[in-house]
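Going down the list, the protein sequences come from chains A and B.
In terms of my numbering, the first sequence opens at residue 759 and continues consecutively.
In terms of my numbering, the second sequence opens at residue 3 and continues consecutively.
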Amino acid sequence: DMKVTQMPRYLIKRMGENVLLECGQDMSHETMYWYRQDPGLGLQLIYISYDVDSNSEGDIPKGYRVSRKKREHFSLILDSAKTNQTSVYFCASSGQGGYAEQFFGPGTRLTVL
Amino acid sequence: GEQVEQRPPHLSVREGDSAVIICTYTDPNSYYFFWYKQEPGAGLQLLMKVFSSTEINEGQGFTVLLNKKDKQLSLNLTAAHPGDSAVYFCAVRRGSALGRLHFGAGTQLIVIP
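Put into C-alpha cells, the structure is as follows:
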C-alpha cells in the first residue's frame, strides 16, 4: 500500500519524561529518517538509518536516540524530554538510488510542558 | 555542505494567477531534485522529481525548471486554484550521497478565491 505510519499522532509530556515515537513502513525500504519541523526552519534531519542497527546522526542528534531492530520499524526516543523539543516530528523512508523519493508519514505533534 | 535557499517564504496570489517559487543550491555535485507539497496537518507528498540537466517537467497545472548552470530550481504554478494552498519544499541530493536530502525552508502559498 506504500505507506509510512506514525504513532502517536499527538502527544503531551512533561519536562523530564521519556518519549517514544514510532514509525512503520510497508515498502521494505532500507533507509529511514527522522526529522523535526519548526516554523520558519523547514525540516531538520535528526537521524538516518541505513538498515537494521545501522544508524547515523543527522544535523541535530543531540537529545535524541533511535532504534531500528526490524527493517519496517524505526523509533525515536527522547530521554528526559525538554521544552525545546516541542515540535512536529516526521518519519520518512526511501528506496535505493539517488532518484528514489522519500515517503513521509503524517507526523507526530509533540508538546513538552 | 549543501545549502538550499528557497524564496519567497510566503506567497499570496489570486485564483487563476501564476505563482513562482525558486530554490538556489550551492553544491555543484547535486544531481537529483525534488518538489514536495505539504497540506495542513499532513506529511510531505512528492510533487515532482527531476534529474540533473536543464529540464522542464510539466505536471498537472505546474512546471518545474532546472538550471544546473545557475544552480537554480523553480516551481511555476500556472492558473493557481485554492486547492494549491499549501507549503512547498524543494529538496536536493548529491549523486553520491546515501539517501540524504537537503531541504529548502519552505514556501507558504495561499491562493485567494
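Glycine is no exception: its CB is placed at the ideal position from the N, C-alpha and C atoms.
* Asked: Going by the CB atoms, is the gap between T109 of chain B and I23 of chain B shorter than 7 Å?
  -> Taking the second sequence and counting its residues from 1, one reaches residue 23 of chain B at position 21. Taking the second sequence and counting its residues from 1, one reaches residue 109 of chain B at position 107. Cβ distance < 7 Å, so I23 of chain B and T109 of chain B count as in contact.
* Whose Cβ in chain D lies nearer than 7 Å to the Cβ of P864 of chain A? -> Of the protein chains in the structure, A and B, none is chain D.
* Asked: Quick one: Cα of V66 of chain B to Cα of L48 of chain B, how far?
  -> Position 64 of the second sequence, counted from the start, is the residue given in the question as residue 66 of chain B. Position 46 of the second sequence, counted from the start, is the residue given in the question as residue 48 of chain B. Whole-angstrom Cα-Cα distance: 13 Å.
* Do you know offhand how far Q783 of chain A's Cα is from F862 of chain A's? -> In the first sequence, the residue the question calls residue 783 of chain A occupies position 25. In the first sequence, the residue the question calls residue 862 of chain A occupies position 104. Straight-line Cα distance between these residues: approximately 10 Å.
* Kindly indicate the opening and closing residues of the beta strand (DSSP E) around N78 of chain B. => Working through the second sequence from its first residue, we reach residue 78 of chain B at position 76. Under the DSSP assignment, N78 of chain B falls in the beta strand (DSSP E) whose first and last residues are 74–79.
* When burial is assigned at 16 or more other CB atoms within 10 Å of the CB, is R16 of chain B buried or exposed? -> Walking along the second sequence from the start, residue 16 of chain B turns up at place 14. R16 of chain B counts as exposed, since fewer than 16 other C-beta atoms from the protein chains shown sit within 10 angstroms of its C-beta.
* Should K51 of chain B be flagged as near chain A, meaning a C-beta pair shorter than 7 Å? -> Looking up residue 51 of chain B in the second sequence gives position 49. When Cβ-Cβ separations below 7 Å define contact, K51 of chain B makes contact with chain A.
* To do: Would you mind telling me which residues of chain B sit closer than 9 Å to F848 of chain A, beta carbon to beta carbon, in chain order?
  => Taking the first residue of the first sequence as 1, we reach residue 848 of chain A at position 90. Neighbours of F848 of chain A in chain B, taken as residues at a C-beta separation under 9 Å, are given in chain order as G45, L46.
* Asked: Helix or strand or just coil, what does DSSP make of N69 of chain B?
  -> Walking along the second sequence from the start, residue 69 of chain B turns up at place 67. Here N69 of chain B sits in strand by DSSP.
* **Same chain, Cβ closer than 6 Å to Y34 of chain B, neighbours up to 5 away in sequence not counted** => Here residue 34 of chain B is taken as the residue at index 32 of the second sequence, counted from 1. Annotation for Y34 of chain B: R95 place their beta carbon closer than 6 Å to its own, counting only its chain and skipping 5 residues before and after.
* To do: Starting from the Cα of M143 of chain B, find the closest Cα among A:S786, A:Q860, A:K771 and give me that residue.
  => The displayed coordinates of chain B run from 3 to 115. Any statement about residue 143 of chain B would go beyond what the structure contains.
* Where do the ends of the beta strand (DSSP E) carrying Q8 of chain B lie? -> For the purposes of this step, residue 8 of chain B is identified with residue 6 of the second sequence, where counting begins at 1. From DSSP, the beta strand (DSSP E) with Q8 of chain B extends over 6–9.
* Buried versus exposed call for I806 of chain A [16 or more other C-beta atoms within 10 Å across all chains shown] -> The count along the first sequence starts at 1 and reaches residue 806 of chain A at position 48. That one is buried.
* Asked: Taking only runs of the beta strand (DSSP E) that begin and end inside the segment 759–796 of chain A, which ones reach a length of at least 3 residues, in chain order?
  -> Within the segment 759–796 of chain A, complete beta strand (DSSP E) segments of at least 3 residues are found at 762–765, 768–771, 777–783, 789–796, given in chain order.
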